[in-house]
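These notes concern the structure reproduced below.
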Amino acid sequence: MSKTSKGSGTAGSVFALIGVYALIYIVCTALFIALFHTSFLASMDVLMYRGAAFIIITGIVSAVIMGVIRKFWGFVTIRDIIMMFVIFCCVNMVFLTLIPVTVERSVSVFMLSYMEENSDQTFTEESVGEVFTTKYVEDYGAFEKRFHEQVETGTIVENPDGTYSITDSGRFVVKMFRTIAEWFGTDQRLVYPNEN
9 MSKTSKGSGT AGSVFALIGV YALIYIVCTA LFIALFHTSF LASMDVLMYR GAAFIIITGI
69 VSAVIMGVIR KFWGFVTIRD IIMMFVIFCC VNMVFLTLIP VTVERSVSVF MLSYMEENSD
129 QTFTEESVGE VFTTKYVEDY GAFEKRFHEQ VETGTIVENP DGTYSITDSG RFVVKMFRTI
189 AEWFGTDQRL VYPNEN
């Protein structure tokens, strides 16, 4: 029987390594979710940024755990430590942007949730639109929240007279959005509001 290199390992070791990846991912994802129920980084009002910070923190934890395992199991390599961090961060960033951020911002989520809570009623398009304007925009401060987020991220800045202006960073973001809108054929009215 020929010797196998440390990197190649046996089929059993490969499956065991996959199991280690999966276990670390599950544990660190649970930690990632748990952090949202703490006061840690609570001063970060933007869910996307707080979540991204949590992903980096728990991604580092996942890499450290893999590194500790490497001390006891020589089959784990430096590459596995790096891959653990990259895989964890990439998968959870996709999850964060597709699910929690969508739930927080989506008009569709609000509309469906409102109709479910009032499922003993029927609605017209106009009545749902009025509820959206009254509750989501006015009562819940949806516009104010989004506006505040842009100030926090530096895309707009408050002037000495209390007015606001877009920054160079904001212009860059708009250019990026317009490029993406062109590539994927999204509604151009959202990125060129004066031209429609």
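Residue numbering for the sequence shown follows my numbering, beginning at 9 and increasing consecutively.
Note that the Cβ used here is the ideal one computed from N, Cα and C, for glycine as well.
Of all C-beta pairs linking the stretch 27-45 to the stretch 68-76, three or more are shorter than 8 Å, placing the two stretches in contact. Bounds of the alpha helix (DSSP H) holding Val-102 are 86-106. Note on the stretch 106-135: whole alpha helix (DSSP H) runs with a minimum of 4 residues are 108-113, 115-125, in chain order. Residue pairing by DSSP places Val-165 opposite Ser-173 in a beta bridge. Sequence-distant Cβ neighbours of Val-199 in its own chain, meaning closer than 6 Å and more than five residues away, are Phe-185, Arg-186, Ala-189.
Residue environment: Asn-100 is assigned as buried (16 or more neighbouring CB atoms within 10 Å of its CB, all protein chains considered). Under a 10 Å Cβ-count criterion, Ile-63 is classified as buried, with 16 or more other Cβ atoms of the shown protein chains found around its own Cβ. CA-CA distance, Lys-143 to Val-111, rounds to 16 Å.
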